[in-house]
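Each remark here refers to the structure printed beneath this line.
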Ligand code: ADP
Ligand code: MG
């Protein structure tokens, strides 16, 4: 164990969907690798001064796997927990190999890094299970949707399958991740929010649900004692009156103020809402700094150059 590693603060970077697929793209693997270069190069530079955890979304990737399943009846259909595991594997591989290359370009020939399949415990009595409301996968016509063996909901894109999005309770691999941090590994984990599991005594059972990756990231950041949570997305930060005439970027903000704006409905569920909620939870749980920023501004946000929406503790 490198003694110096312990002295470096821990940064958790949560990458949004646009780190892999940008608006208007088909989402080919070439496009995804090309998109990853921007965030990954910045993360490689941060690795000199920080111990790093990288988490990521998986919405379009898991959506594509669901669509592939709808198109084929010759093999058994896979449950969502397995599809989430598949996306953790594919995206983990892409981030890990891109990062390895970026580190080598910087002349850092050996920095250990690893991507981990991650389970996240959820509570079987979570109210989300009674009212699934997270749309996933392809859109169907109303008659097609009525024939599907799972709940669906009308969305702007058409009728889509809906699943529960329960709150993350704990990251099963937190001890392993802490040990990897002590050894200065860069860890890619909690992809797509992690594989949701319910605990039965000493056993885990995977469930058909999805966990919000920003809330899972906040949970993990607290469980490993991260100093900073950085949520990276496709807008400069959290905005008030988003899309309206009074749209303004929130800069430095307190937990109380963010909570007020969240309650007033400025940050919708499923997009900016969980990002702001994740930062609030992290700061309230004892985190030192949290920020929401765009893909281009990762280095500036970490260097505290006043970009994005930022929470800074007084401890
Ligand atoms: P990610 O893949 O990064 O998690 P999301 O689509 O879940 O991205 O969330 C980012 C999106 O949230 C932005 O593209 C924006 O359209 C939307 N959004 C909704 N409300 C707000 C707001 N108040 N401020 C900023 N962005 C907002
Ligand atoms: Mg999101």
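In my numbering, the protein residues as written are 44 to 358.
The beta carbon of each residue, even a glycine, is placed where N, CA and C say it ideally should be.
Since residue 183 sits in a beta bridge, which residues does DSSP pair it with?
For residue 183, which the question treats as bridged, DSSP gives the partners 202.
Pull up the CB-CB distance for residue 205 and residue 175, whole angstroms please, since I reckon it's below 8 Å.
Sure, about 4 Å apart at Cβ, within 8 Å.
So the candidates are 157, 142 and 140; which of them puts its Cα closest to the Cα of residue 231?
Minimum Cα distance to residue 231 is reached at 157.
Who are the Cβ neighbours of residue 45 in its own chain at under 6 Å, not counting the five residues just before and after it?
Confidence in residue 45 is poor, its pLDDT being 48 and thus under 50, which makes the residue's placement unreliable; the coordinate value appears in the next sentence. For residue 45, same chain residues with a beta-carbon under 6 Å away, outside a window of 5 residues either side, are 227 in chain order.
Measuring from the CB of residue 285, is there a heavy atom of the ligand ADP at a distance below 7 Å?
Under cutoff, so the answer is yes.
Candidates 322, 284 and 308: which alpha carbon is nearest residue 295's?
When each option's Cα is compared against that of residue 295, the closest is 322.
Examine the ligand MG and report whether any of its heavy atoms sits within less than 7 Å of the Cβ of residue 59.
Flag set: Cβ of residue 59 near the ligand MG.
Just to confirm, does residue 82 get its C-beta within under 7 Å of one of the non-hydrogen atoms of the ligand ADP?
For the ligand ADP, not one heavy atom lies less than 7 Å from the Cβ of residue 82.
Going by beta carbon distance, what residues of the same chain come within less than 8 Å of residue 61, once the five residues before and after it are set aside?
Annotation for residue 61: 78, 276, 277 and 338 place their beta carbon closer than 8 Å to its own, counting only its chain and skipping 5 residues before and after.
If you measure from the beta carbon of residue 208 to each beta carbon in chain D, is any gap under 8 Å?
Given the protein chain composition of this structure (a single chain), no chain D is represented.
So who's on the other strand from residue 359, going by DSSP bridges?
Since the first and last residues shown for the chain are 44 and 358, residue 359 lies out of range.
Taking only heavy atoms of the ligand ADP into account, decide whether any of them is closer than 7 Å to the Cβ of residue 173.
Not under cutoff, so the answer is no.
Indicate the three-state DSSP secondary structure (helix, strand or coil) for residue 145 in the structure shown.
The three-state reading of DSSP puts residue 145 in helix, counting H, G and I together.
Boundaries (first-last residue) of the alpha helix (DSSP H) holding residue 83:
Per DSSP, residue 83 is one residue of the alpha helix (DSSP H) stretching across 72-89.
With a Cβ-Cβ cutoff of 8 Å, do residue 54 and residue 269 count as a contact?
With respect to residue 269, residue 54 sits close: the two C-beta atoms are nearer than 8 Å.
Taking 8 Å as the threshold (C-beta atoms), are residue 341 and residue 362 in contact?
Residue 362 is absent from the structure shown; the chain starts at 44 and stops at 358.
Name the two residues that bound the continuous alpha helix (DSSP H) containing residue 242.
Careful: residue 242 lies outside any alpha helix (DSSP H), inside the beta strand (DSSP E) at 238-243.
Judging by CA-CA distance, which residue of 258, 333, 344 and 345 is the nearest neighbour of residue 357?
Taking only the C-alpha atoms, the option nearest residue 357 is 333.
DSSP beta-bridge partners of residue 248
Note: residue 248 sits in a beta bridge opposite 241.
When the Cα atoms are used, what is the spatial distance from residue 255 to residue 263?
If you draw a straight line from the Cα of residue 255 to the Cα of residue 263, it comes to about 12 Å.
Let me confirm a value: residue 125 is counted as buried when at least 16 other C-beta atoms fall within 10 Å, else exposed. Which label applies?
The residue is exposed, with fewer than 16 neighbouring Cβ atoms inside 10 Å.
According to DSSP, which residues form a beta bridge with residue 282?
Residue 282 is bridged to 292.
I need the straight-line Cα distance from residue 312 to residue 224, nearest angstrom please.
Looking at the two C-alpha atoms, the distance is approximately 32 Å.
Just mark residue 324 as buried or exposed, buried being the case when its beta carbon has 16 or more other beta carbons within 10 Å.
Per the 10 Å Cβ criterion, buried.
If we call anything under 8 Å between Cβ atoms a contact, is residue 292 one with residue 308?
Taking 8 Å as the cut-off, the beta carbon of residue 292 is found no closer than this to the beta carbon of residue 308.
Could you check if residue 314 belongs to the surroundings of the ligand MG, using beta carbon to heavy atom distance under 7 Å?
Yes, since a heavy atom of the ligand MG falls inside the 7 Å radius drawn around the Cβ of residue 314.
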